[in-house]
Ligand code: ADP
Ligand code: ZN
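Numbering (this note's numbering), first residue to last: 110 to 407.
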């Protein structure tokens, strides 16, 4: 039986594994994100070492990487990071070092799309052809599956930068370097910390921070329902560890929709419409693995 490789490339660490599914992980490693050549050499070494120790050949390696990344296979910089403020990583090739070492398919996605694909195969979006996966963490990103395929388009959709009304006064400024009052400006973990002067983890469930956070996120849910018509919305990322946010967001989303959208999947089943990830923090890794399995199958 074939085995597959997965890489989840993040700003602080690259998680790599070999396996065939969530219940069959053969080897796993965390590599610090230092400089591209050094980090990618350790990634390649991990898979090489696995092959020589086990005698098995890895059939494909899926990569879900922090962005922005070039996802256009026709482009000369396909498989590279594009412009990032992260030192050393602007323009860094991610697919090329793997392709040079392994003559197998190396499917490539941005991290949040990878997480969405993991949820589609093994998590909270199984059997759905239209859904959206949001991550609310250091930043905010979202991946949309539309008619069974990840939405790419001109680049990849930047739902974290959808505009919000100014719930805290026109002059309030959060943390997006590009926009005032986009979702990322107002609702990331660091934005919560800036506003309340203590890290989001430390705020008790009855703190007013959470009602405001749910206000912003429920507006994003309203926009998402109206723009993409998903069959389900998954909310992951560090901030969503605050499980008490879910009922608040669900209730406020129904209020924003205002009875205009008359679908029982939303009105009667909001608890299964806006949900946490089925794979928790493993969604990205499992998505990279799912991508490898699908690529190897052709
Ligand atoms: P990243 O976005 O960097 O990949 P995370 O999704 O873990 O990583 O997001 C980190 C952010 O989430 C930080 O701003 C942190 O304060 C916040 N966070 C992490 N855990 C919690 C928690 N249990 N409650 C609230 N906020 C959290
Ligand atoms: Zn923004």
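Just so it is clear, CB atoms sit at the ideal spot from N, CA and C, and this is done for glycine as well. Source: prediction; values computed, not measured.
| said: With H, G and I counted as helix, E and B as strand and the rest as coil, what does DSSP make of residue 181? | reply: Residue state, collapsed to three classes: coil.
Cβ-Cβ distance between residue 327 and residue 362 below 8 Å: yes
| Secondary structure of residue 272, DSSP reduced to three states | strand
- Query: Under a three-way DSSP split, which group does residue 285 fall into?
  - Reply: Residue 285 falls in the coil class under three-state DSSP.
Q: Look up residue 129 in the DSSP assignment and say whether it is helix, strand or coil.
A: strand
task: Figure out for me which residue from 258, 303, 293 and 255 has the closest Cα to the Cα of residue 271.
output: 293
Name the residue from 318, 289 and 178 whose alpha carbon lies nearest to the alpha carbon of residue 217.
Scanning 318, 289 and 178 for the CA closest to the CA of residue 217 turns up 178.
query: In terms of alpha-carbon separation, which member of 345, 365, 347 and 316 lies closest to residue 335?
result: Residue 365 holds the alpha-carbon nearest to the alpha-carbon of residue 335 among 345, 365, 347 and 316.
ask   = Is it right to say residue 324 is buried, meaning 16 or more other beta carbons lie within 10 angstroms of its own, or is it exposed?
value = buried
- Query: Pick from 311, 348, 376 and 313: whose alpha carbon is nearest that of residue 340?
  - Reply: 376
- prompt: Do residue 383 and residue 240 have their CB atoms nearer than 8 Å?
  reply: no
For residue 268, collect the residues of the same chain with a Cβ closer than 6 Å to its Cβ; drop the 5 residues on either side in sequence, then sort them by chain order. So the list reads 251, once near-sequence residues are dropped.
Practice item. Decide if residue 399 is buried, meaning its Cβ has at least 16 other Cβ atoms within 10 Å, or exposed. Key: Classification of residue 399: buried, given that the 10 Å Cβ count is 16 or more.
task = Pull up the DSSP beta-bridge partners for residue 251, would you.
result = 243
| request: Step through the CB atoms of chain B and report whether any lies within less than 8 Å of the CB of residue 348. | output: Chain labels in this structure do not include chain B; a single protein chain is all it has.
List the residues that DSSP assigns as beta-bridge partners of residue 141.
-> 122
When the distance is taken between beta carbons, is residue 170 closer than 8 Å to residue 207? Residue 207 is a Cβ neighbour of residue 170, given a cutoff of 8 Å.
Extent of the continuous beta strand (DSSP E) to which residue 172 belongs:
167 to 174
_Taking 8 Å as the threshold (C-beta atoms), are residue 397 and residue 117 in contact?_
yes
Would residue 242 and residue 168 be called neighbours here (beta carbons separated by less than 8 Å)?
Not closer than 8 Å, so no.
**Asked** What's the gap between the Cα of residue 123 and the Cα of residue 230?
**Response** 22 Å
To the nearest angstrom, how far is the alpha carbon of residue 352 from that of residue 189? 35 Å
Q) Apart from the five residues on each side of it in sequence, which residues of its chain come closer than 8 Å, Cβ to Cβ, to residue 302? A) 308 and 309
Worksheet item: Within this structure, are the beta carbons of residue 395 and residue 200 separated by less than 8 Å?
Response: no
Burial state of residue 212 (16 or more Cβ within 10 Å)
exposed
Rounded straight-line distance, which links the Cα of residue 210 to that of residue 172 | For residue 172 and residue 210, the distance between alpha carbons rounds to 15 Å.
- Query: Going along the chain, which residues put their C-beta within less than 6 Å of some heavy atom in the ligand ZN?
  - Reply: 270, 285, 287, 288, 291, 293 and 294
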